[in-house]
Amino acid sequence: MAEHLAERDYAQMQIKVGTRNGESERFPSAGPKIPDLVCFSHLRWNFVYQRPQHLLTRCARDRRVFFVEEPVFGNGSMRLDVQEGDEHVRVVVPHLPSGLRSEVATTAVLKEMVRRLFLEQGIREYVFWYYTPMALSFTKHFSPIASIYDCMDELSAFKGAHSRLADFERELFRCVDLVFTGGQSLYEAK
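Per our numbering, the very first residue in the sequence shown carries number 276; after that it's consecutive.
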């Protein structure tokens with residue numbers, strides 16, 4: 276049922292884009308293009324101002340930054356909201372129907388949502404920045420010019436962690452070009 280829902284609703288999926296104060300593109304097209312940064316996070320942008328916000332806000336000074344949050348499940352329509360905040364970071368929130376709980380269907384829908392985001396936002400040259408290894412399931416078919424894993428915590432030790440999180444993290448370590456950790460002990464453990 277969920278897989279059929281996902282396939283049927285692809286055509287109806289919307290991407291809603293909002294900008295701060297109606298602002299258009301901030302970066303002129305003259306000169307060399309700095310690649311966009313696309314971040315995938317288990318954290319919500321507006322939850323607590325911590326390391327991701329500090330780093331990505333600085334990155335947004337000279338490039339477009341897209342902060343892709345984990346999906347929100349609810350009763351509304353399947354859509355991808357894109358909002359640019361005061362820090363010039365575009366916060367991307369996938370909204371999925373409550374009935375879409377199969378991992379296969381969710382991955383397929385997220386893969387399509389990210390593909391459409393890239394198409395509609397003109398994302399061509401980009402760097403991937405991961406805060407969650409789980410995003411690898413719907414991004415590994417992309418070809419970023421570089422990829423980063425910022426391992427802030429031992430996510431697999433968190434209550435409610437996905438049973439395959441450690442597997443995705445091992446795969447992510449093999450795929451990325453650079454890894455940051457949240458401290459010496461986490462570095463040594465990884």
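Glycine residues also receive a C-beta, built at the ideal position from the N, C-alpha and C atoms. As the structure is a computational prediction, the values presented were derived from the model and not from experiment.
In the pairwise beta carbon analysis, the stretch 307-315 is classified as touching the stretch 333-352: at least three pairs are separated by under 8 angstroms.
The stretch 399-417 makes contact with the stretch 437-446: 3 or more CB pairs, one atom from each, lie closer than 8 angstroms. Nearest Cα to S373 within the set Y401, T381, R326: T381. Exposed is the label assigned to E400, since fewer than 16 other Cβ atoms lie within 10 Å of its Cβ.
Per DSSP, S422 is one residue of the beta strand (DSSP E) stretching across 421-426.
Scanning its chain for C-beta atoms nearer than 7 angstroms, with the 5 sequence neighbours on each side dropped, one finds around R319 the residues E344, in chain order. A distance below 7 angstroms between beta-carbons, with the five flanking residues on each side excluded, links F413 to the following residues of its chain, in chain order: T382, L385, K386, V389.
Contact check for F403 and P419: beta-carbon distance about 4 angstroms, within the 8 angstroms limit, so the pair qualifies.
CA-CA distance, E359 to F322, rounds to 16 angstroms.
P369 is the residue among R449, E362, P369 whose C-alpha sits nearest the C-alpha of M353. Within the stretch 398-423, the beta strand (DSSP E) runs of at least 3 residues that lie entirely inside it are, in chain order, 401-405. Linking L447 to G351 through their CA atoms gives a straight-line distance of about 32 angstroms.
In this structure, the CA atom of L331 is about 31 angstroms from the CA atom of S377. In the DSSP assignment, the residues bridged to T456 are C426. A residue is called buried when at least 16 other Cβ atoms come within 10 angstroms of its Cβ; Y424 meets this threshold and is buried.
Around the beta carbon of V379, fewer than 16 other beta carbons sit within 10 angstroms, so the residue counts as exposed.
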